[in-house]
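Have a look at the structure below, then the notes.
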């Protein structure tokens, strides 16, 4: 998971190969899941849930999710850590870290994409951190507070966590019901204007980059819903990104340069946020960026008509293509002696998700010039010193928020 989500750190072949692992997760028996819940919460299931579905809603690398009903009647989902995963990861990641230090010392050329031991250390911190579901619970509470504090809770929501029924290996949270952001036919049942709903989702996420402690870093179609009340639901806060000040300032510069098509400004912004190996030729880098933008314009062309309707809409967002674009950006940077930070790769990948959602739901929308859209860095666009007005029409009326 770490390698597949780090195209600015690892070689393309590794990223593509490990991406396949994300789609091949083994389901754990309900008997094992029940034992983990009871042991970690310290009480029988009957003292917490009126009902829990033995068939999982989803299964991922670290956990699987079951639908349930609390004794007080609320519909919830229960995310449960798979058995033995902590011991396996602790042992394997410890070995990876030691091996990385030895290899980096024996063959320094292996450190061209950054210190091997630093990469291994990031891997340990990221993966072991995901094993503590109290951290994800905290992320949910922080994001929900961000929505309320910025008046955005009328257009977006994250599941309410139930702390009293959660622990390090169990996370119980509100069940949100809706359709994937790529399901145009489904969205029209809940929102009068799908384009406005998309703009609202994009602005909420962009403002979280600016104003929240972190940004959601895994916005694939399954984690971004349009709910029955017309609001946008953000799910799964296991993977989040945090921008260091240096990277945040670079994103500001990049947003301004992108808006006016200034390739040299983009090069300067990327250089400011990355780690350089020797001196970077800014003009040569800018020329390579212009060529890349030309290729990307063709690669991210319009989605075929009709592909965003029906229950199979999620397949319209090509995960492999999005990954390849991020890899291309990292490759161009690497060829010019620049190593981009992992956080930037996460940020760009989410922006590319929104680009695909735009082509599915609002093909005439220009994300860079539309005055309703807040830019990532806060400069220009809807966030240029004025209020960012987020307005979405649900099936039962109109909701608006100003931030």
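In my numbering, the protein residues as written are 2 to 404. Note that beta-carbon positions come from the ideal geometry of N, C-alpha and C, so glycine has one too. If you're wondering where the values come from, they're calculated on a predicted model, not measured in any experiment.
**Prompt:** Given residue 336, which residues of its chain have a CB within under 8 Å of its CB, disregarding the five upstream and five downstream residues?
**Reply:** 289
**Request:** Using 10 angstroms around the beta-carbon of residue 66, count the other beta-carbons present and answer buried if the total reaches 16, otherwise exposed.
**Result:** buried
**Item:** Chain-order list of residues whose beta-carbon lies under 6 Å from that of residue 265 (same chain, five-residue window excluded)
**Value:** Excluding positions up to five away in sequence, the list reads 287.
**Asked** Buried or exposed: residue 58, going by 16 or more other Cβ atoms within 10 Å of its Cβ?
**Response** exposed
**Message:** If I follow the unbroken beta strand (DSSP E) through residue 70, where does it start and stop?
**Reply:** 64-71
**Item:** Nonlocal neighbours in the same chain, by C-beta distance under 7 Å from residue 248, ignoring five residues either side
**Value:** 274, 342, 344, 345
**Prompt:** Excluding sequence positions up to five away, which residues of its chain have a Cβ less than 6 Å from the Cβ of residue 216?
**Reply:** 209, 210, 242
**Prompt:** Between residue 92 and residue 124, what straight-line distance do the alpha-carbon atoms span, to the nearest angstrom?
**Reply:** 13 Å
**Request:** Could you name the residues of the same chain whose beta carbon sits closer than 6 Å to that of residue 162, not counting the 5 residues immediately before and after it, in chain order?
**Result:** 138, 141, 174
**Item:** Local conformation of residue 28 per DSSP, three classes
**Value:** coil
**Asked** So the beta strand (DSSP E) residue 234 belongs to, where does it begin and stop?
**Response** It spans 233-235 - the beta strand (DSSP E) in which residue 234 sits, taken as one unbroken run.
**Request:** Measure the beta-carbon distance from residue 214 to residue 327 and round it to whole angstroms, keeping in mind my assumption that it falls under 8 Å.
**Result:** About 24 Å separates the two Cβ atoms, so there is no contact after all.
**Item:** Under the three-state DSSP convention, the category residue 242 falls into
**Value:** strand
**Prompt:** Do the stretch 30-38 and the stretch 79-91 make contact, defined as three or more Cβ pairs closer than 8 Å?
**Reply:** yes
**Request:** Report the rounded CA-to-CA distance for residue 68 versus residue 53, giving the unit in angstroms.
**Result:** 6 Å
**Item:** Stretch pair the stretch 254-262 + the stretch 227-239: three plus CB contacts closer than 8 Å
**Value:** no
**Request:** Measure the alpha-carbon distance for residue 364 versus residue 212 and round it to whole angstroms.
**Result:** 28 Å
**Cβ neighbour criterion (16 or more within 10 Å) applied to residue 359** = buried
**Prompt:** Which residue from 135, 106, 85, 130 puts its Cα closest to that of residue 42?
**Reply:** For the set 135, 106, 85, 130, the Cα lying nearest the Cα of residue 42 is the one of 135.
**Proximity winner among 356, 167, 188, relative to residue 71 (alpha-carbon distances)** = 167
**Message:** Quick check for students: name the residue ranges of the alpha helix (DSSP H) that lie wholly in the stretch 254-283, counting only runs of 4 or more.
**Reply:** With a minimum length of 4 residues, the unbroken runs of alpha helix (DSSP H) contained wholly in the stretch 254-283 fall at 264-274.
**Item:** Unbroken alpha helix (DSSP H) run spanning residue 211, endpoints
**Value:** 195-212
**Prompt:** Can you give the Cα-Cα distance for residue 145 and residue 159, rounded to whole angstroms?
**Reply:** 6 Å
**Request:** Report the rounded CA-to-CA distance for residue 18 versus residue 5, giving the unit in angstroms.
**Result:** 8 Å
**Asked** residue 63 and residue 131: beta carbons closer than 8 Å?
**Response** yes
**Item:** Candidates 28, 45, 74, 48, of which the one nearest residue 56 by Cα
**Value:** The residue with the shortest Cα to Cα distance from residue 56 is 28.
**Pairwise C-alpha distance: residue 361 and residue 317** = Because residue 317 carries a pLDDT of 45, less than 50, the predicted location of this residue cannot be relied on, and the following value inherits that uncertainty. Going from the Cα of residue 317 to the Cα of residue 361 covers about 8 Å.
**Asked** Secondary structure at residue 192, three-state DSSP: helix, strand or coil?
**Response** strand
**Nearest-angstrom Cβ-Cβ length linking residue 354 and residue 221, presumed shorter than 8 Å** = 7 Å
**Request:** Please report the Cβ distance between residue 153 and residue 182, rounded to the nearest whole angstrom; I am assuming they are in contact, meaning their Cβ atoms lie under 8 Å.
**Result:** Actually they do not touch by this definition, with Cβ atoms about 17 Å apart.
**Asked** Hey, residue 366 and residue 196: beta-carbon distance below 8 Å or not?
**Response** yes
**Request:** Just mark residue 11 as buried or exposed, buried being the case when its beta carbon has 16 or more other beta carbons within 10 Å.
**Result:** buried
**Message:** Taking the alpha-carbon of residue 283 as reference, which of 189, 239, 334, 245 has the nearest alpha-carbon?
**Reply:** 334
**Message:** As a quick exercise: from 46, 13, 45, 60, pick the residue whose alpha carbon is nearest that of residue 30.
**Reply:** 60
**Asked** Who does residue 332 pair with in a DSSP beta bridge?
**Response** Answer is none; residue 332 lacks a bridge partner.
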